[in-house]
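*Asks:*
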Amino acid sequence: MSKSKGSGGDASTATASAAPTLAKSIEAHERAKRVMPGGVSSPVRSFAAVGGSPVTVREGRGCRVTDLDGRSYVDYVMSYGPLILGHQPEAVAASLSKALGRGWTFGMPTPGETALAEAVVDAVPSVQVLRMVNSGTEAAMSAIRLARGYTGRSKVIKCVGCYHGHVDGLLVEAGSGAASLGVPSSPGVPASVAGETVTVPYNDLEAVKQAFEAYPDQVAAMAVEPVAGNMGLVPPAEGYLSGLRETCDRHGAVLLFDEVMSGFRVAYGGAQDLYGVTPDLTCLGKVVGGGLPCAAYGGREDVMRHVAPDGPVYQAGTLSGNPLAMAAGLATLEQLRDAELAHYADLEGAGEQLADGLREAAASAGCPVTVQRVGSMLTVFFTEEAGAKVTDFASAAATSGERFAAFFAGMLQRGVMIPPARFECWFVSTAHDADAIGETLAAAREAFAEAV
Ligand code: PLP
313 MSKSKGSGGD
323 ASTATASAAP
333 TLAKSIEAHE
343 RAKRVMPGGV
353 SSPVRSFAAV
363 GGSPVTVREG
373 RGCRVTDLDG
383 RSYVDYVMSY
393 GPLILGHQPE
403 AVAASLSKAL
413 GRGWTFGMPT
423 PGETALAEAV
433 VDAVPSVQVL
443 RMVNSGTEAA
453 MSAIRLARGY
463 TGRSKVIKCV
473 GCYHGHVDGL
483 LVEAGSGAAS
493 LGVPSSPGVP
503 ASVAGETVTV
513 PYNDLEAVKQ
523 AFEAYPDQVA
533 AMAVEPVAGN
543 MGLVPPAEGY
553 LSGLRETCDR
563 HGAVLLFDEV
573 MSGFRVAYGG
583 AQDLYGVTPD
593 LTCLGKVVGG
603 GLPCAAYGGR
613 EDVMRHVAPD
623 GPVYQAGTLS
633 GNPLAMAAGL
643 ATLEQLRDAE
653 LAHYADLEGA
663 GEQLADGLRE
673 AAASAGCPVT
683 VQRVGSMLTV
693 FFTEEAGAKV
703 TDFASAAATS
713 GERFAAFFAG
723 MLQRGVMIPP
733 ARFECWFVST
743 AHDADAIGET
753 LAAAREAFAE
763 AV
């Protein structure tokens with residue numbers, strides 16, 4: 313198991329040539345490492361998968377971030393998804409300052425919670441009732457507990473390479489940072505807990521059917537990212553999501569869509585709206601909080617009424633429904649909703665221009681890649697053959713981490729910040745304009761040549 317700090321992971325080619333201009337970031341990271349594991353609050357930020365020292369951010373505006381050394385980057389990390397309107401959109405900033413003037417936590421109901429909940433119910437087809445929580449991890453953990461409480465069963469099926477947060481029972485063959493760091497199931501997760509989780513390859517409906525047959529009347533839920541974003545971007549195969557729906561119905565299990573990443577991102581109504589498949593429960597996070605700590609789980613009313621105090625499934629939170637988070641989330645959803653067609657058309661257009669441009673840049677550099685995209689989420693996979701499809705974690709893991717790391721370093725050096733791990737998505741926001749995309753493609757033409 314690779315758990316190296318700072319260097320390790322997929323590559324050691326590192327950002328050495330960029331290092332001289334990152335003096336203040338390096339100093340900041342050295343200081344941070346003394347008091348925090350890896351010097352970070354979440355592992356992927358440490359650059360462990362690509363080598364080198366992480367860039368420490370001073371501020372972000374629009375589609376750009378500036379580091380401590382004063383270097384500016386076109387940002388495709390976008391906080392791993394929440395910032396669909398870019399950094400500091402005016403409407404969200406205004407809503408936050410108003411909310412700040414009223415106080416920022418009460419432990420009592422506020423109208424903002426209901427307003428955001430109503431906006432979610434209006435937007436997401438399957439959600440009739442929801443509960444606010446603070447992170448995607450908490451949403452997934454709570455939704456699984458609810459599915460178990462509702463069905464009276466204990467097993468959960470999940471896909472290899474899908475990430476549903478660092479919940480014990482879901483941190484089994486997980487994607488994202490866990491995959492990059494080679495921690496398929498972390499020490500500290502009891503075997504008895506992991507034993508309740510059954511894993512299947514993504515996009516393999518037959519494997520799901522077999523898992524249900526192997527554990528008759530024992531499966532509480534099938535949890536899935538309807539658009540996988542944590543093994544890099546992997547779209548659902550045609551008929552996969554509807555097949556999951558039918559299979560769950562046949563076996564009386566809950567279908568749980570984890571839309572923490574895809575919710576309000578691939579469409580205003582999420583992947584369930586885009587693909588027309590209705591889950592029983594949905595996890596939301598990231599965009600729903602407009603960049604503040606907020607997430608939610610929700611779904612069919614008869615299932616959700618099992619949550620305390622309406623029902624016996626206990627789940628609570630001191631800061632859940634936090635007024636600042638509600639204000640940022642609501643302002644973000646209102647912006648998206650009020651110009652829904654224009655915003656999602658812009659995001660689609662920018663995503664397409666970027667993906668097409670990246671394919672062309674790689675081809676002209678003689679660098680074989682596969683660019684996969686749904687809307688404004690995309691991943692460049694360093695495949696052996698140009699255009700070879702990535703359909704599951706096995707095919708994602710077979711792509712080159714070393715070539716990715718070289719490309720990452722090349723982009724960073726040229727002022728483009730992409731997520732520092734090959735199993736992540738780039739996120740395009742409404743603030744990514746033609747100039748930013750042009751700069752990105754110019755950088756990519758050179759960086760691909762260094763990643764052949
Ligand atoms: N589910 C999915 C699909 C995610 O992508 C993530 C985080 O990236 C999570 C759950 C966990 O969310 P959080 O990091 O807010 O705990």
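Numbering (our numbering), first residue to last: 313 to 764. Here a beta-carbon is modelled for each residue, glycine too, at the ideal position from N, C-alpha and C.
1. If residue 520 and residue 559 are in contact, beta carbons under 8 Å, what's the gap, nearest whole angstrom?
2. What are the uninterrupted segments assigned as beta strand (DSSP E) that are 3 or more residues long and contained completely in the stretch 444-517, given in chain order?
3. Just the Cα atoms here: how many angstroms apart are residue 626 and residue 487?
4. Would the beta-carbon of residue 572 be found less than 6 Å away from any heavy atom of the ligand PLP?
5. Take residue 382 as the anchor and find which of 567, 727, 598 and 563 has the nearest alpha-carbon.
6. Taking the alpha carbon of residue 513 as the point to measure from, which residue in 470, 501 and 498 has its own alpha carbon closest?
7. What do you reckon, are the CB atoms on residue 693 and residue 473 nearer than 7 Å?
8. Using a Cβ distance threshold of 8 Å, determine whether the stretch 632-644 contacts the stretch 719-735, with at least three qualifying pairs required.
9. Using only alpha-carbon positions, find the residue among 715, 567 and 484 that is nearest to residue 503.
10. Based on Cα-Cα distance, which residue from 654, 681, 667 and 643 lies nearest to residue 429?
11. If you compare alpha carbons, which of 756, 634 and 751 is closest to residue 376?
12. What first and last residue would you give for the beta strand (DSSP E) that runs through residue 689?
13. State the CB to CB distance for the pair residue 723 and residue 759, rounded to an integer number of angstroms; the pair is presumed to be in contact (CB under 8 Å).
14. For residue 494 and residue 500, I'd like the C-alpha separation in whole angstroms.
15. For residue 449, which residues from the same chain have a beta carbon less than 7 Å from its beta carbon, with the 5 sequence-adjacent residues on both sides left out?
16. Considering only their Cβ atoms, is the gap separating residue 571 from residue 596 smaller than 7 Å?
17. Pick helix, strand or coil for residue 579, following the three-state DSSP scheme.
18. Pull up the DSSP beta-bridge partners for residue 534, would you.
19. Which partner residues does residue 371 have in the DSSP bridge list?
20. How about residue 679 and residue 600: do their beta carbons lie closer than 7 Å?
21. What residue ranges within the stretch 619-664 form continuous alpha helix (DSSP H) runs of no fewer than 4 residues, ordered along the chain?
22. On the DSSP bridge assignment, give the partners of residue 610 in chain order.
23. In whole angstroms, give me the CA-to-CA distance for residue 749 and residue 592.
24. Where residue 587 and residue 564 are concerned, what is the direct C-alpha to C-alpha distance, given to the nearest angstrom?
25. Evaluate the contact criterion for the stretch 432-450 versus the stretch 568-583: three or more CB pairs, one atom per stretch, below 8 Å.
26. Using the Cβ count rule (16 or more neighbours within 10 Å means buried), how would you classify residue 747?
27. Under DSSP, the alpha helix (DSSP H) around residue 354 begins and ends at which residues?
28. Does DSSP put residue 704 in a helix, in a strand, or in coil?
29. Could you check the C-alpha separation between residue 389 and residue 398 for me, to the nearest Å?
30. Would you check whether the ligand PLP has a heavy atom nearer than 6 Å to the C-beta of residue 371?
31. Give the single residue among 667, 673 and 509 whose Cα lies nearest to the Cα of residue 737.
32. Keeping to the same chain, check which residues put their C-beta closer than 8 Å to that of residue 605; ignore five residues upstream and five downstream.
33. I need the DSSP call for residue 753, collapsed to helix, strand or coil.
*Replies:* In short:
1. Counting from one through the sequence shown, the residue named residue 520 turns up at place 208. Counting from one through the sequence shown, the residue named residue 559 turns up at place 247. With a Cβ gap of about 6 Å, residue 520 and residue 559 count as contacting.
2. 467-471 and 509-512
3. Reading the sequence shown from its first residue, position 314 is the one you call residue 626. Reading the sequence shown from its first residue, position 175 is the one you call residue 487. Cα to Cα, the separation comes out at about 28 Å.
4. Translated into the one-based positions of the sequence shown, residue 572 becomes position 260. Relative to the ligand PLP, residue 572 has its C-beta within less than 6 Å of a heavy atom.
5. Stepping through the sequence shown from its first residue, residue 382 is reached at position 70. The shortest Cα separation from residue 382 among 567, 727, 598 and 563 belongs to 727.
6. On the sequence shown, residue 513 is found 201 positions in, with the first residue counted as 1. Ranking the options by Cα distance to residue 513, first place goes to 470.
7. Counted from its first residue, the sequence shown places residue 693 at position 381. Counted from its first residue, the sequence shown places residue 473 at position 161. Going by C-beta atoms, residue 693 is not nearer than 7 Å to residue 473.
8. no
9. Walking along the sequence shown from the start, residue 503 turns up at place 191. It is 484.
10. Position 117 of the sequence shown, counted from the first residue, corresponds to residue 429. Of 654, 681, 667 and 643, the residue nearest in Cα terms is 643.
11. Position 64 of the sequence shown, counting from 1, holds the residue named residue 376. The shortest Cα separation from residue 376 among 756, 634 and 751 belongs to 751.
12. As a first step, residue 689 must be located in the sequence shown, where it is residue number 377. Note, residue 689: beta strand (DSSP E), 689-693.
13. Position 411 of the sequence shown holds residue 723. Position 447 of the sequence shown holds residue 759. With 8 Å as the limit, residue 723 and residue 759 qualify as a contact, their Cβ atoms being about 5 Å apart.
14. The residue labelled residue 494 in the question sits at position 182 within the sequence shown. The residue labelled residue 500 in the question sits at position 188 within the sequence shown. Residue placement at residue 494 cannot be trusted, given a pLDDT of 45 that sits under 50; what the coordinates show is reported in the next sentence. The C-alpha of residue 494 lies about 15 Å from the C-alpha of residue 500.
15. Within the sequence shown, numbered from 1, the residue matching residue 449 stands at position 137. Its chain contains 477, 478 and 479 as the residues whose beta carbon lies nearer than 7 Å to that of residue 449, once the 5 sequence neighbours on both sides are disregarded; these appear in chain order.
16. Here the question's residue 596 lines up with position 284 in the sequence shown. Here the question's residue 571 lines up with position 259 in the sequence shown. Against a cut-off of 7 Å, the Cβ pair of residue 571 and residue 596 comes out as a contact.
17. Here the question's residue 579 lines up with position 267 in the sequence shown. In this structure, residue 579 counts as strand in the three-state DSSP scheme.
18. By one-based count along the sequence shown, residue 534 stands at place 222. According to DSSP, residue 534 shares a beta bridge with 469 and 567.
19. Stepping through the sequence shown from its first residue, residue 371 is reached at position 59. Per DSSP, 378.
20. For the purposes of this step, residue 679 is taken as residue 367 along the sequence shown, with counting starting at 1. For the purposes of this step, residue 600 is taken as residue 288 along the sequence shown, with counting starting at 1. Result no, Cβ atoms of residue 679 and residue 600 do not sit closer than 7 Å.
21. 635-650
22. Residue 610 sits at position 298 when you count from the first residue of the sequence shown. Note: residue 610 sits in a beta bridge opposite 442 and 594.
23. Numbered from its first residue, the sequence shown carries residue 749 at position 437. Numbered from its first residue, the sequence shown carries residue 592 at position 280. Taking the straight line from one Cα to the other gives about 38 Å.
24. Here the question's residue 587 lines up with position 275 in the sequence shown. Here the question's residue 564 lines up with position 252 in the sequence shown. So the alpha carbons of these two residues sit roughly 22 Å apart.
25. Touching, per the Cβ criterion.
26. Counted from its first residue, the sequence shown places residue 747 at position 435. Residue 747 comes out exposed.
27. The residue you call residue 354 lines up with position 42 of the sequence shown. Taken as a continuous stretch (DSSP letters only), residue 354 belongs to no alpha helix (DSSP H), as it is neither H nor E.
28. If you number the sequence shown from 1, residue 704 lands on position 392. Coil.
29. For the purposes of this step, residue 389 is taken as the residue at position 77 of the sequence shown. For the purposes of this step, residue 398 is taken as the residue at position 86 of the sequence shown. Each residue's alpha carbon lies about 11 Å from the other.
30. Residue numbering aside, residue 371 sits at position 59 when the sequence shown is read from its first letter. Checking the Cβ of residue 371 against the ligand PLP gives no.
31. Start at 1 with the first residue of the sequence shown, and residue 737 comes out as number 425. Comparing Cα positions, the closest option is 667.
32. In the sequence shown, counting from the first residue as 1, residue 605 sits at position 293. The answer, listed in chain order, is 446, 447, 631, 634 and 637.
33. Taking the sequence shown and counting its residues from 1, the one referred to as residue 753 is at position 441. Three-state DSSP puts residue 753 in a helix.
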